[in-house]
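Down below is the structure, laid out as structure tokens.
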Amino acid sequence: KILIIGASGQIGSELSLKLRDLYGNDNVIASDIKQGTAELMNSGPFEIADATDEAGITAIVEKYAITDVYLMAAMLSATAERIPMKAWDLNMESLFIILNLAKDKKIEKVFWPSSIAVFGPTTPKNNTPQTTIMEPSTVYGISKQTGERWCEYYFNQYGVDVRSLRYPGIISYKTLPGGGTTDYAIEIFHGALKDKKYTSFLKEDTALPMMFMDDAIKATVDIMEADAEDVRVRSSYNLSAMSFTPSELANEIKKHIPDFEIAYQPDFRQKIADSWPGSIDDSTAREDWNWSPSFDLKGLSEAMLEGLKKLTTVK
Ligand code: VAH
């Protein structure tokens, strides 16, 4: 049985649906501190739970005889800068609860997401290697770097089968953006369809590693289904599909909406974005467990516009 913590979030909500498709609705228990989309709530078991509540999480694990946990709850980069201690507590306490459940053999396997936010201003910016200088300058990045070290420690010391991916910016349409610095690349599609215009909070030439949600879900399923001995990296794998700047994304949208207009008003999130790599080398993931993305910038833009149009007409 599978438990997803943070199932109402951007990745959690789509991951829950995919895992229910793959393994059966009643074998995938979704949990979060708040309810999720109707699609999520109507497709299988849901438990309200606080990811930092050890007793509550342990009770759910025992109630359903959970074997695999996907810990998708976290506070993202922009929000974390505003409430650092709350972000640290949520991002770290939730991880320790799950790692200790695995150490105590109450669960067998863990997925925990890291992020390209583990890299900082001193990291080589282009085609950032799997192993390199990591001096993250954001609370979110520090929590993800620390989390990676603990995951590797629990694997080496206690044999905990925890697997992790350094997600790039993930672009999707089924939930509203939630406090991420890369979320301009989601908001822009809403603006394009609604008002034919968008004001970007990042500068036009800010290149960031990005991925369409379906590829992020595919990578998550692939690494969790890989043979344990193929998962050689037990901190976290670099992962990517593309890199683009706000102006490149705007030009792609203009192919569909010719009179779309973009403006630029960088805010505090520019500093966060400037500390991250422009592009990622994910060759280790490709070598170890056969990773390969399916969506490029063209495919992402088509999928986002199609998906949002379907959602709005449905309403
Ligand atoms: C954020 N979407 O912007 C997340 C992600 C690499 C970016 O970690 O905080």
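Here full-length UniProt numbering is used: the first residue of the sequence shown is 17, the next is one more, and so on. The C-beta atom is built at its ideal place from N, Cα and C for all residues, glycine as well.
Runs of alpha helix (DSSP H) wholly within the stretch 48-112 (minimum 4 residues, chain order):
54-57, 70-80 and 93-98
Is any non-hydrogen atom of ligand 1 found closer than 7 Å to the C-beta of Y183, if you look at the structure I gave you?
yes
Please tell me whether, using a cut-off of 7 Å, the distance from the CB of I187 to the nearest non-hydrogen atom of ligand 1 is below it.
no
Are there any heavy atoms of ligand 1 lying less than 7 Å away from the beta-carbon of T198, as far as the coordinates show?
yes
Nearest CA to the CA of N142: which residue from M258, L117 and G28?
Considering only alpha carbons, the answer is M258.
Sorry if obvious, but does the Cβ on A46 come closer than 7 Å to a heavy atom of ligand 1?
no
K141 (DSSP reduced to helix, strand or coil):
coil
Residues that DSSP places opposite S180 in a beta bridge:
BP columns for S180 point to W128.
For A223 and F260, believed in contact at Cβ under 8 Å, the rounded distance:
7 Å
For the alpha helix (DSSP H) that F205 lies in, which residues bound it at each end?
Y200 to D211 is the span of the alpha helix (DSSP H), which, as asked, contains F205.
Candidates K50, L33 and R182: which alpha carbon is nearest K22's?
Contrary to the premise, residue 22 reads as Gly rather than Lys in this sequence. Of the candidates K50, L33 and R182, the one whose C-alpha sits nearest the C-alpha of G22 is K50.
Is E220 helix, strand or coil when you go by DSSP?
coil
Segment contact flag, the stretch 148-161 with the stretch 112-123, C-beta cutoff 8 Å, min 3 pairs
No, because fewer than three Cβ pairs between the stretch 148-161 and the stretch 112-123 fall closer than 8 Å, the two stretches do not touch.
Apart from the five residues on each side of it in sequence, which residues of its chain come closer than 6 Å, Cβ to Cβ, to F62?
A46
Pick helix, strand or coil for A46, following the three-state DSSP scheme.
strand
Quick check: does the Cβ of Y280 come within less than 7 Å of any heavy atom belonging to ligand 1?
Look at Y280: its beta carbon is at least 7 Å from all of the heavy atoms in ligand 1.
Measure from the alpha carbon of L19 to the alpha carbon of each residue in N107, K234 and W128, then state which is nearest.
Comparing alpha-carbon positions, the option among N107, K234 and W128 lying closest to L19 turns out to be W128.
Grouping DSSP H, G and I as helix and E and B as strand, with all else coil, what is G185?
strand
Report the residue ranges of all alpha helix (DSSP H) runs contained in full by the stretch 278-321; include only those spanning at least 4 residues, in chain order.
285-290 and 299-305
beta-carbon A201 near ligand 1 non-hydrogen atom, thresh 7 Å:
Relative to ligand 1, A201 has its C-beta separated by 7 Å or more from all heavy atoms.
Whose C-alpha, out of S24, I269 and I296, is nearest the C-alpha of M227?
I296
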